[in-house]
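Undergrad:
In the numbering used here, the protein residues as written are 226 to 653.
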């Protein structure tokens, strides 16, 4: 099929592109972006994009797809449908599946399920240690060769510094990207909420900011010593932003991301004991939120992620401290990011870059771009669509979103993956 989308605002930070033009697609790939019809191109379908935006397919560095695992919480088929409804066409899935993705067989199972769904590009992340126990290293090279884009411990960071150093040395010598979540287990203890006025008032077990920053300091020292490429996942404190900015100034090969809910919510949102606001790391102070926002604006934070964790309703009906942390975030990643543009936190180019070029550069992949010759992964966005999020209407099998009832400006109308339409809302 030869597709032309005409008179559409094309936004692609990878090419410093933001203009009204036409997009031409053939055989599932980008043929041209041009103000005039390319020679010899005869469209079999033409869409009028007047007033719309055309965005590269978004890349989410952190989204649990619940497979292999509990089908009550979703699977690759259900969660990729939720992803493309939010314009996301490439998804990194962490290794805390059931069973853990610590061997080639599990990696291949994920890839097989992704091919069957054929809705989005799934990038498995392998486990650094066997069963994520933080003790014996997994066969890291085999996981990379099987197709793992990076290795991680998900939300179970390695506590033994020698084990981590050994993993870093091996990763450095085999050009493996490590994606690390920084949290000191002893300092976290059994905490569930940020240590501050709100947790004290509510009587919730506390997690200090130092639980993150102490672990981050250790990891930065070891990263500098070993020369490994490290991506720090889901940072949540102002001090972490400062430390990573300093590391980048010193030339360390480090990057980082932040979960979108950390850019909107704070510890005050937990005042009603609503378990939908129970996340890990916890919602922090207003000052932390502002520092994270500035970190995105200034480029210290390279990417924004959904940290999508679909959960069964029963686990979110438990008291706050007993509930399982996590938010269903695929469908709200783009609208929540664009809401920050509306608020003047950063500009549109920064927003889209944090969801496309930023993640692509971290992973070393070509996705997230509308460059000629690449697969045609993109969404058509209606900026004038006004809508309200309703948990009951979410596509994800997990409707555990604290943003129920939030109003948004703009909505994805169409998503294409490898030149095929995989999502239609109110198509143009």
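Ideal placement from N, C-alpha and C gives every residue a C-beta, glycine not left out.
How is residue 653 classed by DSSP in three states: helix, strand or coil?
TA: The pLDDT assigned to residue 653 is 41, lower than 50, so where the model puts this residue is not dependable, and the model offers no usable value.
Undergrad: From residue 619 to residue 551, what distance separates their C-alpha atoms?
TA: 16 angstroms
Undergrad: Please classify residue 531 as buried or exposed, where buried requires at least 16 neighbouring CB atoms within 10 angstroms.
TA: buried
Undergrad: Here's the rule: buried if 16 or more other CB atoms are within 10 angstroms of the residue's CB, otherwise exposed. What is residue 425?
TA: exposed
Undergrad: Have a look at residue 324 and residue 646 and give me their C-alpha separation to the nearest angstrom.
TA: 32 angstroms
Undergrad: Would you say the segment 542-556 touches the segment 258-274, given that touching needs at least three Cβ pairs under 8 angstroms?
TA: no
Undergrad: What's the C-alpha gap between residue 604 and residue 361?
TA: 42 angstroms
Undergrad: Drop a sphere of 10 angstroms on the beta-carbon of residue 506, count the other beta-carbons inside from all chains shown, and report buried for 16 or more, exposed for fewer.
TA: Flag for residue 506 reads buried.
Undergrad: To the nearest angstrom, how far is it from the Cα of residue 659 to the Cα of residue 430?
TA: Because residue 659 is not part of the residues shown, which for the chain are 226 to 653, the question remains open.
Undergrad: How long is the line joining the alpha carbons of residue 615 and residue 629, rounded to whole angstroms?
TA: 5 angstroms
Undergrad: Please specify which runs of the beta strand (DSSP E), each continuous and at least 3 residues long, are wholly inside the segment 576-601, giving them in chain order.
TA: DSSP runs (the beta strand (DSSP E)) wholly in the segment 576-601: none.
Undergrad: Can you give me the start and stop residues for the alpha helix (DSSP H) that residue 635 sits inside?
TA: Here residue 635 belongs to no alpha helix (DSSP H); instead the beta strand (DSSP E) covers 632-642.
Undergrad: Count Cβ pairs between the segment 386-393 and the segment 351-370 that sit closer than 8 angstroms; are there 3 or more?
TA: yes
Undergrad: Curious, which full-length alpha helix (DSSP H) runs of at least 4 residues does the segment 278-339 contain?
TA: 301-310
Undergrad: Take residue 403 as the anchor and find which of 509, 255, 379 has the nearest alpha-carbon.
TA: Restricting attention to 509, 255, 379, the CA atom closest to the CA of residue 403 is found in 379.
Undergrad: At 3 residues or longer, what runs of the beta strand (DSSP E) sit wholly inside the segment 450-506?
TA: 455-457, 479-484
Undergrad: Pull up the distance between the alpha-carbon of residue 432 and that of residue 300, whole angstroms please.
TA: 31 angstroms
Undergrad: Spatial neighbours of residue 486 within its chain, please: CB distance less than 6 angstroms, with the 5 preceding and 5 following residues excluded, ordered by chain position.
TA: 552
Undergrad: Helix, strand or coil for residue 259 per DSSP?
TA: strand
Undergrad: Looking at residue 546: is its Cβ nearer than 9 angstroms to the Cβ of residue 417?
TA: yes
Undergrad: Considering only residues of the segment 522-567, which uninterrupted beta strand (DSSP E) runs meet the minimum length of 3 residues and lie entirely inside it, listed in chain order?
TA: 528-530
Undergrad: Quick check on residue 362: does DSSP put it in helix, strand or coil?
TA: DSSP places residue 362 in strand when its eight states are reduced to three.
Undergrad: For residue 351, which beta-bridge partners are listed by DSSP?
TA: 376
Undergrad: Apart from the five residues on each side of it in sequence, which residues of its chain come closer than 8 angstroms, Cβ to Cβ, to residue 438?
TA: 407, 462, 464, 465, 468
Undergrad: By the three-class DSSP mapping on this structure, what secondary structure does residue 383 have?
TA: coil
Undergrad: What is the DSSP secondary structure of residue 512, counted as helix, strand or coil?
TA: helix
Undergrad: Just to check my reading of the structure: residue 601 and residue 372 have Cβ atoms closer than 8 angstroms, yes? What is that Cβ distance to the nearest angstrom?
TA: That belief does not hold up - the Cβ atoms of residue 601 and residue 372 are roughly 22 angstroms apart, past 8 angstroms.
Undergrad: Quick one: give me the first and last residue of the beta strand (DSSP E) that residue 357 is part of.
TA: Counting along the chain, residue 357 falls outside any beta strand (DSSP E), and DSSP gives it neither H nor E.
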